[in-house]
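Beneath this line is the structure, given in structure tokens, with notes to follow.
Number of protein chains: 2
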Amino acid sequence: MNSPHRIGVVVGSNRPIRICKQIAQWVLGIAQNGSALGYELVDLAEIALPFLDEPAIPALGNYQHEHTRRWSALVRSFDGFVFVLPQYNWGDPAVLKNALDFLYDEWSGKPAALVTFGTRGGLRAAEQLKIVLQGLHMRNTATNPALNTRPDMLDEAARFIDIGAAFAPFAPAVRQMCGELAALLADPVASGEALQ
Amino acid sequence: MNSPHRIGVVVGSNRPIRICKQIAQWVLGIAQNGSALGYELVDLAEIALPFLDEPAIPALGNYQHEHTRRWSALVRSFDGFVFVLPQYNWGDPAVLKNALDFLYDEWSGKPAALVTFGTRGGLRAAEQLKIVLQGLHMRNTATNPALNTRPDMLDEAARFIDIGAAFAPFAPAVRQMCGELAALLADPVASGEALQ
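Just so you know, the protein sequences line up as chains A and B, in that order.
Just so we're aligned, residue 13 is where the first sequence starts under the working numbering, counting upward by one.
Just so we're aligned, residue 13 is where the second sequence starts under the working numbering, counting upward by one.
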């Protein structure tokens, strides 16, 4: 086909000082390199949804608010997702769970990968989010890189001194994850297209 | 002692149409009946926190925002908690996870019980939140009632027609949970007082 599949790389934290966006950009750089898929950053800080405020349950798709309709259209425009997120208290960030809970059918059947980070890689947050992805009928990749972060990777402004060097050991896993995303997209059953 | 222990019954949903507050009030009624503890409703819709916007990590307690300092003081004033929550997409509501993530030491060592609800009782959300409570060093009760809800329990305005009758089968579990909360409070090790 002429138009490539579009993959949203979701920045899953919106704290005022955050390293999540830098990590998402690093993931996007690795993912895009040589790929036929089109990766794009989706920054939840810019989307700026409120806490879920729709009166009806999202599965009905009967949205009352313009911010929900905008988010719905944006999510519909993507064929798959990479969610990049920190771990907070052994769980996932509320801003990401809220953005997921706002919609339902828009996620259904689409491939999704997780890139977590934290001192120990954020593995517990990934475990929780895998269950949520299953609840949303998304197709999770087998590989979900868990990046170990250390304070000495950052300068005083919380910028990575050399993010490529810091996460070089994880680049093969990110490439593996991207290959799995592409394979899920190429499989009409796995990608959910056969269900529609 | 003269002043009873204070237990916050947290309303863990802030959607415009919600049954969570009615359920929290029902739990509070069962819990308070004959108890030496003082149960009080804590409605996250009224607390109205934004998404976590502190620049420093909460464990440092170095809060920049007045809304965080108010929430910190309120949580500090309670000796234990009952979190009442719906299940969204097999996980917990963002508004509750966000309220938990805003603080750290304020939760530490305190007893916490979960009351979940949903068509199947919200058991998956409870499983996720138990891990988060552990991450926050809270002491979770053994009994965490999971209330089965049905559409025919509600009138057209989403009010319970007879909440006492609807949840009567779960009242013994709520009383059991409250007994466990009281026992944890009476145990200085389990309640975390020995750590301070």
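Note that CB positions come from ideal geometry on N, CA and C, so glycine has one too.
Only a predicted model underlies this, so the values are computations on that prediction, with no experimental measurement involved.
- DSSP lists F129/A as the beta-bridge partner residues of P98/A.
- Secondary structure at P184/B: helix, using DSSP grouped into helix, strand and coil.
- Between the alpha carbons of L53/B and G20/B lies a distance of about 6 Å.
- Ranked by Cα distance from I35/B, the options L197/B, F182/B, D65/B are led by F182/B.
- G46/B has its alpha-carbon roughly 18 Å from the corresponding atom of G92/B.
- Taking a C-beta distance under 9 Å as the contact criterion, L115/B and S89/B do not qualify as a contact pair.
- Residues of the region 148 to 179 of chain B with a C-beta atom less than 8 Å from some C-beta of chain A are L148, listed in chain order.
- Residues are counted here when their Cβ sits less than 7 Å from a Cβ of chain B; for the region 91 to 117 of chain A these are Y100, N101, W102, G103, A106, V107, K109, N110, L112, D113, given in chain order.
- Per DSSP, the continuous beta strand (DSSP E) segment holding R18/B begins and ends at 18 to 23.
- P123/B is not a Cβ neighbour of I29/A, given a cutoff of 9 Å.
- Interface residue (Cβ-Cβ distance to chain A less than 9 Å): N45/B is not classified as such.
- Cβ-Cβ distances below 7 Å link L40/A to V21, Y51, L53 in the same chain, with the five nearest sequence neighbours on each side left out; the list follows chain order.
- Of the residues Y75/B, G24/B, P105/B, G121/B, the one whose Cα lies closest to the Cα of L193/B is G121/B.
- Among the residues facing chain B, L64/A is included, as its CB has a counterpart in that chain under 9 Å away.
- In this structure the region 126 to 134 of chain A touches the region 153 to 161 of chain A; the number of beta carbon pairs closer than 8 Å is three or more.
- Nearest CB-CB separation between A138/B and chain A: not below the 9 Å threshold.
- By DSSP's assignment, L159/B forms a beta bridge with F129/B.
- Neighbours of I29/B in chain A, taken as residues at a C-beta separation under 7 Å, are given in chain order as P67.
- Here the alpha carbon of L148/A sits roughly 35 Å from the alpha carbon of A43/B.
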